[in-house]
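Below: the structure, in structure tokens.
In the working numbering, the protein residues as written are 8 to 960.
Shown next as structure tokens:
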């Protein structure tokens, strides 16, 4: 794991090329989609993300749902999940699972070795029932409705066979259609199935009479999916490889409607919702769409959708705060992603592209702007006019956009000489835009009116760049503009006069530029793979870094300018510390990083990767806690990309062999007598047991024998001890020095209401008087039944001996007197145990603090009120000695203050009466004065400093 960054989550990933699954529960339905190594569940009513699975060890090849259980295929393994809890992993398949389907209450699988298996899953146990192998490649499987124990199998030759899976015998062989079957689907009639072929033909075939009822043919080629409408309208929908959805009228036996721009790329699945005029589609374009058939002509309209980039994003920037990311992708789009609520993510509109595409019969990509090569944004004037500027591949125009209305502006900025614009920037005030061209010219525009305000170096042509400009920025005061170019020159310009102030020759082609406004630092990347950091005030190079072995794709400053991060095509990110001029971390990914952005608050780093559609967020450990960076690794540490959930690391499923070996090593370290787990053939399923908040119920015995049960019990005991140790560490803060006042780690809610507990009790008193019970004879007792007090109507019969015995017991009980001197509260017992501990040279009351820290507010109040005041106030003296010791050691300062306040309010009368108690109170008062005087002096000094700098001009 990286020393600085922790995988948090990904955004912008909706679905991939795998078909989705619909699960209907009463009036609600959910949609399950696959994204790489995890699956995610959406609410079908509003397409809100409900849950995300943990990561699997490899890409998901297929999945199906049965009730709340999800069966996931990864390579040769089958993972069984109950909601988001892994139940079991099956690894004994003879090949890669290619088909997965529900078969009533059973699961039907087919492998690459053409083996068909029928399995049951009851009481969290997976069991194979029937298994047989065929001599041809299986392309599709279907269980026809009401065909008991029968499955329909399609092969690569376009033939269909009906098998009895129970007897493993062929029932009937259909002649086929001389083309590979791509999909099978059950129609609304029991005997009729829909058959889709690779050559584009669609057949509705009656299995009972072996006769084709309807036949269609689509020009787009392969039929990727079929679905029958079930709300009373005779219609079938088919998916194509070019993103179209075709609707066929079964009554008229003809084409009804073509949704030409349903998706970009192949349709992965089309499915009508049962009994409703709603159709759900998904494609390889990272989009999930819901269509409703409510138009007068019977056609559909788009009801709702969730989508991200259909091609990987290559340029990202944080906008305004840490909650919004702007992203430009290879799919010709500019999108805004919310890091808080996924449903707020949206694409910034390029106008009525869809309407124009329909009129011109073209795809939307043909009418969209070229791919964005660079962009900049500023939120200062977002309410007044457009505040985003972009330049595009091979275009002499820069376009401006508005984030407030999420739409492109009609105005555009054109270079004077018509050369391609390669770099853009906005001034910090939001009024001006700077563009750099391929010819080396630098021009200034007013962004509100799109009027050209002049060219930098126009009066002195020799001062211009000679080659393509690769980066621009203007400082925070709008006084200087910096530009870099392939000619190796860094030029600093006067922003108002448009004249050259300073030129720095790096003698190497400059490829990238980034800056940090607050510190006036900027950095460049040269073709020699070196990173040079400059100070804009002194115009001198202050740091130089190197180390990448391949082209550097991006660089970015941290929010406080202490770090600079660089990414490369070698799939690594290096983090350099500017004050120490050293590399402090080195991490590696499976795919190269294309673009990076550091959040303005410093809490997250965002990255995009080649051929990955998502934006990945990494939590900055330094923002959330203090970190001590050790020596950087000698080799880059490989880190897996996070999924859509924020619980990545703790939920990662490891390979079985690797997890066994790691569990053995960790288990041997924790236990004095290590167990040989390989001999017992154990496997722990669930979260890693090293996690702090482990669920012991997730641990499951796979091989149920006595040795395994004993080993599991020992593991649980070890886990409980470790968890208790972790909890104890959390309650008491570690002291850096005895001279420093240390606060506790106890949650504030556990002690802040101690002073107001009387007010809270008074407020919570019932307003109404208790109601009288129902009339009943006085001699009837009451018993507790289902949470209510009811009368005991059972007759009680006692003989004379029992009556005499009960009478004697009562009289003996009342005859005994209660000795209050023998009563001790739990608090007193803990304090005495600490004072009588012979293993320690000095009395340590740490266990007392731990005991009180675990109690609720009302329990703490009860503990202090339960002290014995009948025996010379000995217990009160014990508690005061505890307070005195903790104040002397400067530990748990705010906690002791709260407890002391409660104690004094309860026992103020007893303290005044006893001289010894008064003496202890005076000693505690002196300790309080010393501690508080020290804090008061520090507060006063800091207030003076703040006042001084606040008034400083």
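For each residue, glycine too, the CB sits at the ideal point set by N, CA and C.
Query raised in the report: Taking DSSP as the reference, what is the three-state secondary structure of residue 100?
Result: By one-based count along the chain shown, residue 100 stands at place 93. DSSP places residue 100 in coil when its eight states are reduced to three.
Requested in this report: Would you kindly work out how many angstroms separate the C-alpha atoms of residue 83 and residue 102, rounded to a whole number?
Outcome: Translated into the one-based positions of the chain shown, residue 83 becomes position 76. Translated into the one-based positions of the chain shown, residue 102 becomes position 95. Answer to the nearest angstrom: the Cα atoms are 6 Å apart.
Query raised in the report: First and last residue of the beta strand (DSSP E) that includes residue 509?
Result: Mapped onto the chain shown, residue 509 falls at position 502. Residue 509 -> beta strand (DSSP E) spans 507-512.
**Report entry** Three-way DSSP call (helix, strand, coil) for residue 25 in this model
**Finding:** Within the chain shown, numbered from 1, the residue matching residue 25 stands at position 18. Correct three-state label for residue 25: coil.
Report task. Take residue 238 and list the residues in its own chain whose beta-carbon comes closer than 6 Å to its own, dropping the five residues that flank it on each side. Result -> Looking up residue 238 in the chain shown gives position 231. Excluding sequence neighbours, residue 238 sits near 282, 283, 284.
Query raised in the report: Excluding five sequence neighbours on each side, which residues of the same chain lie with their C-beta closer than 6 Å to the C-beta of residue 163?
Result: Looking up residue 163 in the chain shown gives position 156. Excluding five sequence positions before and after residue 163, the CB atoms of its chain that fall closer than 6 Å to its own CB belong to 144, 146, 187, given in chain order.
Query - Local conformation of residue 134 per DSSP, three classes - result: Working through the chain shown from its first residue, we reach residue 134 at position 127. If DSSP states are grouped into helix, strand and coil, residue 134 belongs with the strands.
Report task. Run the CB neighbour count on residue 910, radius 10 Å, all protein chains shown included, and call it buried at 16 or more, exposed below. Result -> Translated into positions along the chain shown, residue 910 becomes position 903. Label assigned to residue 910: buried.
Query - Beta-bridge pairing of residue 413 - partner residues as DSSP gives them - result: Residue numbering aside, residue 413 sits at position 406 when the chain shown is read from its first letter. DSSP lists no partner for residue 413.
Query raised in the report: With DSSP run on the structure shown, which of helix, strand or coil describes residue 64?
Result: Within the chain shown, numbered from 1, the residue matching residue 64 stands at position 57. Residue state, collapsed to three classes: coil.
Query raised in the report: According to DSSP, what are the bridge partners of residue 122?
Result: Within the chain shown, numbered from 1, the residue matching residue 122 stands at position 115. Residue 122 is bridged to 140.
**Report entry** Beta carbon of residue 886 nearer than 8 Å to that of residue 838
**Finding:** By 1-based counting over the chain shown, the position of residue 886 is 879. By 1-based counting over the chain shown, the position of residue 838 is 831. Yes, Cβ-Cβ distance for residue 886 and residue 838 is below 8 Å.
**Report entry** residue 209, DSSP secondary structure in three states
**Finding:** Stepping through the chain shown from its first residue, residue 209 is reached at position 202. Annotated three-state conformation of residue 209 is strand, per DSSP.
Report task. Measure the Cβ-Cβ separation of residue 403 and residue 428 and say whether it is below 8 Å. Result -> In the chain shown, the residue the question calls residue 403 occupies position 396. In the chain shown, the residue the question calls residue 428 occupies position 421. Going by C-beta atoms, residue 403 is nearer than 8 Å to residue 428.
Query raised in the report: Taking buried to mean at least 16 other C-beta atoms within 10 Å of its own C-beta, is residue 933 buried or exposed?
Result: Looking up residue 933 in the chain shown gives position 926. Under this definition residue 933 is an exposed residue.
Query raised in the report: Nearest-angstrom Cα distance between residue 28 and residue 385?
Result: Here residue 28 is taken as the residue at index 21 of the chain shown, counted from 1. Here residue 385 is taken as the residue at index 378 of the chain shown, counted from 1. About 42 Å.
Requested in this report: Kindly list the residues whose CB is nearer than 7 Å to the CB of residue 69, restricted to its own chain and excluding five residues on each side of it in sequence; keep chain order.
Outcome: Position 62 of the chain shown, counting from 1, holds the residue named residue 69. Once the five neighbours on either side are set aside, the close Cβ partners of residue 69 are 25, 80, 104, 107.
**Report entry** DSSP three-state assignment for residue 401, whether helix, strand or coil
**Finding:** Here residue 401 is taken as the residue at index 394 of the chain shown, counted from 1. The answer is coil: DSSP assigns residue 401 none of H, G, I, E or B.
Report task. Could you check the C-alpha separation between residue 360 and residue 511 for me, to the nearest Å? Result -> Residue mapping note: residue 360 aligns to position 353 of the chain shown, counting from 1. Residue mapping note: residue 511 aligns to position 504 of the chain shown, counting from 1. Distance between the alpha carbons of residue 360 and residue 511: 45 Å.
Query - Helix, strand or coil at residue 752 according to DSSP, with G and I counted as helix - result: Residue 752 sits at position 745 when you count from the first residue of the chain shown. Reduced to three states, the DSSP call for residue 752 is coil.
**Report entry** 8 Å Cβ cutoff met for residue 388 and residue 397
**Finding:** Residue 388 sits at position 381 when you count from the first residue of the chain shown. Residue 397 sits at position 390 when you count from the first residue of the chain shown. Result no, Cβ atoms of residue 388 and residue 397 do not sit closer than 8 Å.
Query raised in the report: Who pairs with residue 129 in a beta bridge, going by DSSP?
Result: Within the chain shown, numbered from 1, the residue matching residue 129 stands at position 122. Answer by DSSP bridge pairing, in chain order: 132.
Query raised in the report: To which residues does DSSP link residue 521 through a beta bridge?
Result: Working through the chain shown from its first residue, we reach residue 521 at position 514. BP columns for residue 521 point to 530.
**Report entry** Any 3 or more C-beta pairs closer than 8 Å across the stretch 417-426 and the stretch 359-374
**Finding:** These segments do not touch.
Query raised in the report: Got a sec? Which residues, its chain only, sit under 8 Å from residue 593 by beta carbon, not counting five neighbours each side?
Result: Start at 1 with the first residue of the chain shown, and residue 593 comes out as number 586. Cβ neighbours of residue 593 within its own chain (closer than 8 Å, five residues either side excluded): 579, 580, 581, 582, 639, 640, 642, 643, 644.
Query raised in the report: Cα separation between residue 868 and residue 844?
Result: As a first step, residue 868 is located in the chain shown; it is residue number 861 there, counting from the start. As a first step, residue 844 is located in the chain shown; it is residue number 837 there, counting from the start. Distance from the CA atom of residue 868 to the CA atom of residue 844, rounded to whole angstroms, is 26 Å.
Query - Contact under 8 Å by Cβ, residue 95 with residue 133 - result: Residue 95 sits at position 88 when you count from the first residue of the chain shown. Residue 133 sits at position 126 when you count from the first residue of the chain shown. Closer than 8 Å, so yes.
Query raised in the report: Thinking C-alpha only, which one of 769, 395, 445 is nearest residue 434?
Result: One-based indexing of the chain shown puts residue 434 at position 427. It is 395 whose Cα lies nearest to the Cα of residue 434.
Query raised in the report: Counting pairs of beta carbons, one from the stretch 601-610 and one from the stretch 329-337, are three or more of them closer than 8 Å?
Result: yes
Requested in this report: Measure the Cβ-Cβ separation of residue 309 and residue 339 and say whether it is below 8 Å.
Outcome: Residue mapping note: residue 309 aligns to position 302 of the chain shown, counting from 1. Residue mapping note: residue 339 aligns to position 332 of the chain shown, counting from 1. Contact: no.
Requested in this report: For residue 89, count neighbouring Cβ atoms within 10 angstroms of its own Cβ and tell me buried if that reaches 16, exposed if not.
Outcome: As a first step, residue 89 is located in the chain shown; it is residue number 82 there, counting from the start. It counts as exposed.
Query raised in the report: Based on Cα-Cα distance, which residue from 597, 447, 502 lies nearest to residue 475?
Result: For the purposes of this step, residue 475 is identified with residue 468 of the chain shown, where counting begins at 1. That would be 447, whose Cα lies nearest to the Cα of residue 475.
Requested in this report: Output the distance between the C-alpha atoms of residue 286 and residue 463, rounded to the nearest integer angstrom.
Outcome: What you label residue 286 is simply residue 279 of the chain shown in a count that begins at 1. What you label residue 463 is simply residue 456 of the chain shown in a count that begins at 1. The alpha-carbon separation between residue 286 and residue 463 amounts to approximately 57 Å.
Query raised in the report: Is residue 436 buried or exposed, if buried means 16 or more other CB atoms sit within 10 Å of its CB?
Result: For the purposes of this step, residue 436 is taken as residue 429 along the chain shown, with counting starting at 1. Residue 436 comes out exposed.
Requested in this report: Out of 924, 649, 136, 898, state which residue places its alpha-carbon closest to the alpha-carbon of residue 19.
Outcome: Residue 19 sits at position 12 when you count from the first residue of the chain shown. With distances taken between Cα atoms, residue 19 lies closest to 649.
Query - Distance, residue 488 Cα to residue 252 Cα - result: The residue you call residue 252 lines up with position 245 of the chain shown. The residue you call residue 488 lines up with position 481 of the chain shown. Whole-angstrom Cα-Cα distance: 52 Å.
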